[in-house]
């Protein structure tokens, strides 16, 4: 089932960069959420909103080089940023044909604890290793942050480059969240609980996809 998930989403998950002079700086992962060219990523990755671009990754069962030399950068613009939810909606700044599966966005309420999930992204991009990778996990908990944001906790420690990629419900084959990072219990817990020196977390979390739906609707985009 993880194989089918990878085949369904491998072309829709892209590397996100910022152009600085004659070079580009890796920022994280992003993924397409609508065939009109809309993408989503984690807002905290955007240290700049200028000169952003995405690059497709080599996907498949062959052994691929780690560089970006064979791939064409695609300019993107920032459409909306929701800092409270840590989400950024982007749009491809050129006319390209995008083919993507129907019923991409899942229903978070239908995802239960113990469901198999996977995330796709570029975990080692900050080390200039740009191979796309898939990780598997289970939903360990469904939580609300201090500001009321719904998140999925899953039992796989992601690397920094995977942030901004999709969390996929393997059973339904739909995206249920945006991978945001490793789970920090100090950030989630009330202040009076932070006196104890808790160990580092081996869990990660993703922001529920429902907020991406809201952002798309604000743009007048029909959810497919």
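Residue numbers (the numbering used here): 342 to 565. Cβ atoms here follow ideal geometry from the backbone N, Cα and C, with glycine treated the same way.
Local conformation of residue i per DSSP, three classes
i: residue 382; result: strand
i: residue 469; result: coil
i: residue 360; result: strand
i: residue 349; result: helix
i: residue 502; result: helix
i: residue 532; result: Residue placement at residue 532 is flagged as unreliable, the pLDDT there being 47, under the threshold of 50; a coordinate-derived value is accordingly withheld.
i: residue 488; result: coil
i: residue 436; result: coil
i: residue 421; result: strand
i: residue 426; result: coil
i: residue 493; result: strand
i: residue 414; result: coil
i: residue 527; result: helix
i: residue 544; result: coil
i: residue 538; result: Only weak support exists for where residue 538 lies, its pLDDT of 48 falling under 50; the coordinates are left without a value.
Residue from the options with nearest C-alpha to residue i
i: residue 543; options: 562, 423, 525, 442; result: 525
i: residue 555; options: 383, 505, 421; result: 421
i: residue 380; options: 371, 386, 387; result: 371
i: residue 361; options: 461, 394, 560; result: 394
i: residue 375; options: 364, 493, 417, 443; result: 443
i: residue 396; options: 423, 390, 365, 386; result: 365
i: residue 453; options: 499, 509, 416; result: 509
i: residue 495; options: 519, 502, 391; result: 519
i: residue 378; options: 440, 475, 455; result: 440
i: residue 390; options: 413, 429, 354; result: 429
i: residue 451; options: 475, 423, 483; result: 483
i: residue 387; options: 424, 464, 560, 343; result: 424
First and last residue of the uninterrupted alpha helix (DSSP H) at residue i
i: residue 553; result: 551-559
First through last residue of the beta strand (DSSP E) which encompasses residue i
i: residue 457; result: 457-462
i: residue 452; result: Unbroken run through residue 452: none, as it is neither H nor E.
i: residue 443; result: Note, residue 443: premise wrong, no beta strand (DSSP E); not H, not E.
i: residue 396; result: 393-396
Residue(s) in a DSSP beta bridge with residue i
i: residue 510; result: 458, 515
i: residue 372; result: 354, 381
i: residue 476; result: 460
With contact counted as at least three CB pairs below 8 angstroms, one residue from each stretch, are the stretch 498-517 and the stretch 437-448 in contact? yes
Would you say the stretch 458-470 touches the stretch 422-438, given that touching needs at least three Cβ pairs under 8 angstroms? no
Inter-stretch contact at 8 angstroms, needing at least 3 Cβ pairs: the stretch 479-498 / the stretch 546-555: Output reads yes: the stretch 546-555 touches the stretch 479-498.
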